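These protein sequences, in sequence, are chains A and B.
Residue numbers 1 to 199, in this note's numbering, belong to the letters of the first sequence in order.
Residue numbers 200 to 381, in this note's numbering, belong to the letters of the second sequence in order.
Idealized CB from N, CA, C, for every residue including glycine.
Note that the structure is predicted; figures quoted are calculated from it, not measured.
Please read the structure below before turning to the comments.
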Amino acid sequence: MSVSDPIIIQWVEETLDGNQDAFAELVNTYQHAVYNLCYRMLSERTEAEDAAQETFLRAYMNLQRYDPARSFKTWLLSIASNHCIDRLRRRRLTWLSLDDPLPPSLSLSSDEPDPEDATITNERSAAVQELLDNLNTDYRAAVVLRYWYEYSYAEIAEMLDTTESAIKSRLFRARQALADRLKQETHADSIIRPVLETL
Amino acid sequence: MANERQRRLMQRTLDEALSPEALAELRAYLDTNPSDSAEFQRLKQVDRMLRTAPHERAPQRLAEAIMARLAEAVSARQMPRVSGLALALGLALTAAAMMPVLLATGWLLLTTLGSAELLAAALQQATALMVLGIALAEQMVAAVQTLLAANTEAVLLLVAAVPVSLLWLMRFAPRLRAQRIN
Chain A
1 MSVSDPIIIQ WVEETLDGNQ DAFAELVNTY QHAVYNLCYR MLSERTEAED AAQETFLRAY
61 MNLQRYDPAR SFKTWLLSIA SNHCIDRLRR RRLTWLSLDD PLPPSLSLSS DEPDPEDATI
121 TNERSAAVQE LLDNLNTDYR AAVVLRYWYE YSYAEIAEML DTTESAIKSR LFRARQALAD
181 RLKQETHADS IIRPVLETL
Chain B
200 MANERQRRLM QRTLDEALSP EALAELRAYL DTNPSDSAEF QRLKQVDRML RTAPHERAPQ
260 RLAEAIMARL AEAVSARQMP RVSGLALALG LALTAAAMMP VLLATGWLLL TTLGSAELLA
320 AALQQATALM VLGIALAEQM VAAVQTLLAA NTEAVLLLVA AVPVSLLWLM RFAPRLRAQR
380 IN
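Right, here's the structure in full:
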């Protein structure tokens with residue numbers, strides 16, 4: 001895993017010295033990466049926001065355990081993915097079924113310049129999210145870390161505290177499940193089919 | 200229907216370049232098996248769809264919300280430390296208040312033992328110590344009065360030293376704590 005930039009290490013050290021402004025710099029740098037991971041895992045924007053907040057809070061409280069020889073982003077995303085896995089397991093325990101996909105939000109962010117492009121991006125994002133909703137927690141974590149963050153099998157295994165062969169197997173089964181899902185996507189109101197046609 | 204090896208080859212092409220032999224084997228198999236060829240196409244579609252999936256941007260308020268929550272958490276963590284300080288102060292005051300009781304108890308004990316000479320010697324020692332303490336305190340007060348009379352700016356310096364010390368404690372206490380944990 002790659003080492004963090006010197007400026008990141010400096011912000012970490014300054015945070016350990018009690019400078020919260022330095023931690024704010026870390027938040028600004030990694031908020032999008034952490035939020036995206038939480039959203040892809042949890043499929044719900046409000047919960048993703050809460051999970052992202054919790055991730056940064058945990059990172060702050062455990063900052064002295066961070067090893068500067070490793071990538072800070074990887075460390076942070078590892079906290080985020082494990083936290084999201086815990087949330088999904090708790091969600092299952094409280095009988096909020098994952099079989100009832102939450103409606104994808106198509107709202108536009110105010111900082112997106114072109115509404116048409118934004119709509120296409122949102123449709124694509126929602127379609128991918130509908131596919132991900134069909135995967136179980138462990139498969140979903142492996143897929144998100146592989147495709148959105150381009151981590152290797154070994155890196156994902158370390159982040160999720162498992163073996164490389166387990167990750168390979170999870171990705172294999174996840175892709176197979178998603179391909180099977182595509183085969184069933186023939187109904188007219190599918191949001192996946194139009195996106196597939198653009199690929 | 201593809202066997203385990205052919206399925207693995209299909210998956211591996213998505214992650215890495217296959218050897219020419221393995222690629223030829225897969226192509227030959229797919230050419231003669233249209234249903235598995237269709238499945239392979241779906242796998243490639245899934246792969247493309249995931250690879251081109253957009254990154255969701257965090258809402259603008261997220262960073263602000265994180266820092267607000269962090270401030271709350273940090274102040275909540277500092278509360279028990281303040282309580283610990285208050286407890287230590289309380290114990291010290293109680294111990295000071297207990298001193299006359301302890302002395303009285305000691306006196307009673309010595310009286311009970313019936314050694315008037317020993318009691319007198321102990322009282323003399325205690326009195327001498329108290330007199331010494333009072334004399335030292337008087338000297339310190341006199342020295343401070345002289346200093347303040349000579350230099351009025353020293354009063355301001357002493358007043359300013361209080362918030363500066365508190366700020367120093369707030370800034371360096373987390374680092375000292377982290378070093379202690381490590």
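Kindly give me the distance between the Cβ atoms of residue i and residue j, rounded to whole angstroms, as I take these residues to be in contact under 8 Å.
i, j, result
"B/P253", "A/R40", "Not confirmed; about 11 Å, so no contact."
"A/V34", "A/L77", "7 Å"
"A/A22", "A/E14", "4 Å"
"A/R181", "A/L131", "6 Å"
Tell me whether residue i sits in a helix, a strand or coil according to DSSP, three-state version.
i, result
"B/T351", "coil"
"A/Q64", "helix"
"A/E25", "helix"
"A/E130", "helix"
"A/H83", "helix"
"B/Q259", "coil"
"A/Y35", "helix"
"B/P362", "helix"
"A/R70", "coil"
"A/T163", "coil"
"B/G332", "helix"
"B/P253", "coil"
"A/A59", "helix"
"A/A179", "helix"
"A/Y149", "coil"
"A/G18", "coil"
"B/G313", "coil"
"A/E44", "coil"
"A/D138", "helix"
"B/S234", "helix"
"A/N122", "helix"
"B/E215", "coil"
"A/D5", "coil"
"B/G283", "helix"
"A/E185", "coil"
Residue i: which of the options sits nearest, CA to CA?
i, options, result
"B/R250", "A/D180, A/E185, A/R175", "A/R175"
"A/E185", "B/R276, B/S274, B/L286, B/V245", "B/V245"
"B/L213", "B/A287, B/M248, B/T351, B/V300", "B/M248"
"A/G18", "A/A48, A/M61, A/C38, A/D50", "A/M61"
"A/R45", "B/Q240, B/L261, B/N232", "B/L261"
"A/C38", "A/W148, A/E164, A/K183, A/A177", "A/W148"
"A/N136", "A/R92, A/K73, A/P6, A/E47", "A/R92"
"A/W11", "A/K73, A/E47, A/L160", "A/K73"
"A/D161", "A/K183, A/I79, A/N122", "A/I79"
"B/R370", "B/V273, B/Y228, B/E215", "B/V273"
"A/M159", "A/H83, A/N122, A/T121, A/R90", "A/H83"
Once you ignore the five residues that flank residue i on each side, which residues in its own chain have a CB closer than 6 Å to its CB?
i, result
"A/L145", "Y151, I156"
"A/F56", "V27"
"A/P68", "I9"
"B/V300", "none"
Please confirm whether residue i and residue j have their CB atoms less than 9 Å apart.
i, j, result
"A/Q236", "B/L269", "What the structure shows of chain A is the stretch from 1 to 199, and residue 236 of chain A is not part of that stretch, so it cannot be assessed."
"B/E203", "A/A179", "no"
"B/G305", "B/A321", "yes"
"A/L16", "A/Q64", "yes"
"A/A166", "A/I85", "no"
"B/E230", "B/Q205", "For clarity, residue 230 of chain B is Asp in the given sequence; the question names Glu instead. No. Outside cutoff."
"A/E49", "B/A257", "yes"
"A/A59", "A/W75", "yes"
"A/S71", "A/S4", "yes"
"B/L225", "B/L208", "yes"
"B/A223", "B/R211", "no"
"A/N36", "B/E255", "yes"
Got a sec? Which residues, its chain only, sit under 7 Å from residue i by beta carbon, not counting five neighbours each side?
i, result
"A/K168", "Y153"
"A/R170", "D138, Y139, A142"
"B/A348", "none"
"A/S110", "Here the model assigns A/S110 a pLDDT of 43, short of 50, so the residue's position is not dependable and the matter cannot be decided."
Excluding five sequence neighbours on each side, which residues of the same chain lie with their C-beta closer than 8 Å to the C-beta of residue i?
i, result
"B/A325", "L302"
"A/L96", "Reliability of the predicted coordinates at A/L96 is poor, the pLDDT of 47 falling under 50, and the value obtained from them is presented with this limitation in mind. Cβ neighbours of A/L96 beyond the five flanking positions: none."
"B/Q344", "none"
"B/A353", "L346, L347"
"B/V363", "none"
"A/A177", "N134, L135, Y139"
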